[in-house]
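Residue numbers (full-length UniProt numbering): 1 to 447. One structure is given below, encoded as structure tokens.
Next comes the structure, spelled out in structure tokens:
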């Protein structure tokens with residue numbers, strides 16, 4: 001494919017970005033390796049090696065090419081052997097930085113942007129990759145075919161920084177993350193930074209939205225408003241005291257921004273929700289009370305929603321340690337709730353995180369139940385994050401026994417698996433071959 005450069009639209013430390021047009025008149029963005037004057041000066045002085053920097057650029061492309069998510073900018077074409085290596089990606093409408101400069105509060109509802117960032121980060125962290133330079137200018141604003149907007153993480157140039165170069169590059173501002181968003185550990189141990197460094201950057205972005213004042217780099221941050229505690233936890237100087245999972249951070253952000261006051265239908269319901277909100281490890285007797293309440297024949301959907309909103313991934317782990325039978329009972333109720341109820345789109349991501357936690361610890365029947373729920377909830381709500389989570393869990397590594405259980409469940413519940421997979425393919429622009437072959441065969445044969 002040939003590309004015609006139309007205009008330069010961006011410039012970073014290691015490359016220039018052009019708007020380009022292919023042979024069919026379609027517009028894309030092309031990033032071409034070309035160190036800026038500051039870095040070229042370091043090369044000329046022998047402080048860094050040109051070959052190592054070019055290798056770093058190529059690693060950016062290779063890492064990003066492996067990630068298949070609507071919330072990570074996709075590599076569409078590349079030539080890493082060209083004199084100036086390049087890659088082609090989706091053409092953005094702008095960046096999160098542009099939107100923040102126009103309206104710091106993002107129209108009063110920053111949830112979409114924040115949840116899209118978290119969706120991309122979770123996919124990155126699942127691969128044991130750390131971005132290390134998350135900031136608003138590296139979050140691109142993209143337009144979907146239906147005209148809706150999504151945000152996607154870009155610029156992976158700092159993922160695989162060479163340890164020998166990190167000190168020099170950090171001192172120049174090109175290797176250790178942008179100071180105003182970078183975690184403090186990136187100063188001293190860049191190459192050993194964990195996913196907690198990206199959590200710090202999320203906290204800094206939250207500070208942009210809810211406070212907006214200038215920050216002193218690398219320090220703990222705070223702000224007034226609903227996300228005060230979240231910002232403080234994200235930006236702890238000690239990485240071990242930050243959020244350790246994206247799912248927990250997502251849940252807290254949703255609860256902080258939802259702005260809903262729960263309406264209880266009984267004192268018993270109110271007491272149970274309060275118990276779950278304040279205690280991560282209820283006693284066996286308290287778990288029995290939760291189960292008995294959920295098992296009531298006259299329980300309403302709203303009452304279930306209140307209980308399930310207070311249940312966390314940690315709770316499911318604790319139930320598992322207490323009683324596998326109780327885990328099966330409560331988790332099955334939760335999974336059924338996710339697939340049979342209409343949800344706020346952002347809340348789907350929270351529910352999906354809890355479903356994955358159950359999938360990770362549950363027996364075969366629960367794994368199958370959660371996968372079906374992820375597929376149905378994701379497709380019915382057209383939620384890319386949930387759909388991508390299903391695709392990742394239902395890939396070639398899926399246990400054949402889980403697929404056999406899915407076969408039984410979809411037959412018993414008259415679920416049209418083929419129709420859901422067709423809709424999944426259209427939504428994510430993927431081929432079903434990314435799923436486990438036995439699952440694909442089951443869908444086709446049942447149709």
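Think of the CB as a built atom: it goes at the ideal place given N, C-alpha and C, for glycine as much as any other residue. Values in this document were obtained by computation on a predicted structure and should not be read as measured data.
For residue 140: DSSP bridge partner residues: Working through the chain shown from its first residue, we reach residue 140 at position 140. Under DSSP, residue 140 forms a beta bridge with 95 and 152.
Which residues does DSSP list as the beta-bridge partners of residue 8? Against the chain shown, residue 8 aligns to sequence position 8. Beta-bridge annotation (DSSP): residue 8 is paired with 18.
Beta carbon of residue 355 nearer than 8 Å to that of residue 373: Stepping through the chain shown from its first residue, residue 355 is reached at position 355. Stepping through the chain shown from its first residue, residue 373 is reached at position 373. Result yes, Cβ atoms of residue 355 and residue 373 sit closer than 8 Å.
Confirm, please, whether the CB-CB distance from residue 95 to residue 62 is below 8 Å. Locating residue 62 in the chain shown gives position 62, where the first residue counts as 1. Locating residue 95 in the chain shown gives position 95, where the first residue counts as 1. The answer is no: Cβ separation not under 8 Å.
Thinking residue 193 and residue 130 are a contact (beta carbons under 8 Å), I'd like their distance in whole angstroms, please. Along the chain shown, one-based indexing puts residue 193 at 193. Along the chain shown, one-based indexing puts residue 130 at 130. The Cβ separation is near 6 Å, so the contact holds.
Report the three-state DSSP secondary structure of residue 352 (helix, strand or coil). As a working mapping, residue 352 is identified with position 352 in the chain shown. Of the three classes helix, strand and coil, the one that applies to residue 352 here is helix, per DSSP.
What are the uninterrupted segments assigned as beta strand (DSSP E) that are 3 or more residues long and contained completely in the segment 64 to 129, given in chain order? Look at the segment 64 to 129 and you find these whole runs of beta strand (DSSP E), each 3 residues long or longer: 75 to 79 and 86 to 89.
Using the rule of at least 16 other Cβ atoms within 10 Å of the residue's Cβ for burial, across every protein chain shown, is residue 72 buried or exposed? Counting from 1 along the chain shown, the entry for residue 72 is found at position 72. Classification of residue 72: buried, given that the 10 Å Cβ count is 16 or more.
Are the CB atoms of residue 199 and residue 241 within a distance shorter than 8 Å? By 1-based counting over the chain shown, the position of residue 241 is 241. By 1-based counting over the chain shown, the position of residue 199 is 199. No, Cβ-Cβ distance for residue 241 and residue 199 is not below 8 Å.
Is the Cβ-Cβ distance between residue 32 and residue 11 less than 8 Å? Within the chain shown, numbered from 1, the residue matching residue 32 stands at position 32. Within the chain shown, numbered from 1, the residue matching residue 11 stands at position 11. Remark: C-beta atoms of residue 32 and residue 11 do not approach each other more closely than 8 Å.
Residue 298 beta carbon near the ligand NAP (any heavy atom closer than 7 Å): This structure does not include the ligand NAP; it has no bound ligands of any sort.
Is it right to say residue 335 is buried, meaning 16 or more other beta carbons lie within 10 angstroms of its own, or is it exposed? Sequence index remark: in the chain shown, residue 335 carries index 335 (1-based). Residue 335 is buried by the Cβ-count criterion.
Between the alpha carbons of residue 70 and residue 267, how many angstroms are there, rounded? What you label residue 70 is simply residue 70 of the chain shown in a count that begins at 1. What you label residue 267 is simply residue 267 of the chain shown in a count that begins at 1. Cα to Cα, the separation comes out at about 43 Å.
DSSP on residue 426, reduced to helix/strand/coil? Here residue 426 corresponds to residue number 426 of the chain shown, with the count starting at 1. It is helical.
Here's a check: name, in chain order, each residue in its chain whose Cβ is nearer than 7 Å to the Cβ of residue 163, leaving out the five neighbours to either side. Counting from 1 along the chain shown, the entry for residue 163 is found at position 163. Here the model assigns residue 163 a pLDDT of 34, short of 50, so the residue's position is not dependable, and the following value carries that caveat. Closer than 7 Å at Cβ, skipping near neighbours: 191.
Quick test of your reading: residue 119 and residue 385, contact by CB under 8 Å. State the CB separation rounded to the nearest angstrom. Looking up residue 119 in the chain shown gives position 119. Looking up residue 385 in the chain shown gives position 385. The C-beta separation of residue 119 from residue 385 comes to about 4 Å, placing the pair in contact by the 8 Å criterion.
Figure out for me which residue from 349, 350 and 327 has the closest Cα to the Cα of residue 367. Sequence index remark: in the chain shown, residue 367 carries index 367 (1-based). Scanning 349, 350 and 327 for the CA closest to the CA of residue 367 turns up 327.
Please report how far the alpha carbon of residue 24 lies from the alpha carbon of residue 278, in whole angstroms. Taking the chain shown and counting its residues from 1, one reaches residue 24 at position 24. Taking the chain shown and counting its residues from 1, one reaches residue 278 at position 278. Roughly 58 Å separates the two Cα atoms.
For the segment 386 to 393 against the segment 282 to 300, are there 3 or more C-beta pairs whose distance is under 8 Å? No, the segment 386 to 393 is not in contact with the segment 282 to 300.
CA nearest to the CA of residue 452, picked from 6, 338 and 185: The structure shown has nothing for residue 452, since the chain only spans 1 to 447.
For residue 172, which residues in the same chain have their Cβ closer than 8 Å to its Cβ, ignoring the five residues on either side in sequence? On the chain shown, position 172 is the one that residue 172 refers to. Residue confidence is low: residue 172 scores 49 on pLDDT, short of 50, so the model does not pin down where it sits. No coordinate-derived value is stated.
Considering only their Cβ atoms, is the gap separating residue 180 from residue 215 smaller than 8 Å? One-based indexing of the chain shown puts residue 215 at position 215. One-based indexing of the chain shown puts residue 180 at position 180. Result yes, Cβ atoms of residue 215 and residue 180 sit closer than 8 Å.
State yes or no: is the C-beta of residue 310 within less than 8 Å of the C-beta of residue 273? In the chain shown, the residue the question calls residue 310 occupies position 310. In the chain shown, the residue the question calls residue 273 occupies position 273. Yes, Cβ-Cβ distance for residue 310 and residue 273 is below 8 Å.
What does a CB cutoff of less than 6 Å around residue 116 pick up in its chain, not counting 5 residues either side in sequence? Mapped onto the chain shown, residue 116 falls at position 116. Excluding sequence positions up to five before and after residue 116, its CB lies within less than 6 Å of the CB of 71, 150 and 151, all in the same chain and listed in chain order.
Boundaries (first-last residue) of the beta strand (DSSP E) holding residue 254: On the chain shown, residue 254 is found 254 positions in, with the first residue counted as 1. That residue, residue 254, is in no beta strand (DSSP E); its alpha helix (DSSP H) goes 246 to 258.
Using only the alpha-carbon positions, how far apart do residue 160 and residue 397 sit? Residue mapping note: residue 160 aligns to position 160 of the chain shown, counting from 1. Residue mapping note: residue 397 aligns to position 397 of the chain shown, counting from 1. Residue confidence for residue 160 is low, a pLDDT of 39 falling below 50, so the modelled location carries little weight; the figure read from the coordinates is stated next. The straight-line gap separating the alpha-carbon atoms of residue 160 and residue 397 is approximately 27 Å.
Residue nearest to residue 2 in terms of C-alpha spacing, selected from 429, 76 and 58: Start at 1 with the first residue of the chain shown, and residue 2 comes out as number 2. Per the Cα distances, 76.
Give me the DSSP bridge partner(s) of residue 30. Translated into positions along the chain shown, residue 30 becomes position 30. Residue 30 is bridged to 18 and 88.
State the DSSP-derived secondary structure class of residue 420, mapped to helix, strand or coil. Here residue 420 refers to the residue found at position 420 when the chain shown is read from its first residue. Residue 420: helix per DSSP, three-state reduction.
Tell me which same chain residues have a C-beta within less than 8 Å of the C-beta of residue 444, skipping the five on either side of it? As a position in the chain shown, residue 444 is number 444, starting the count at 1. Around residue 444: 418.
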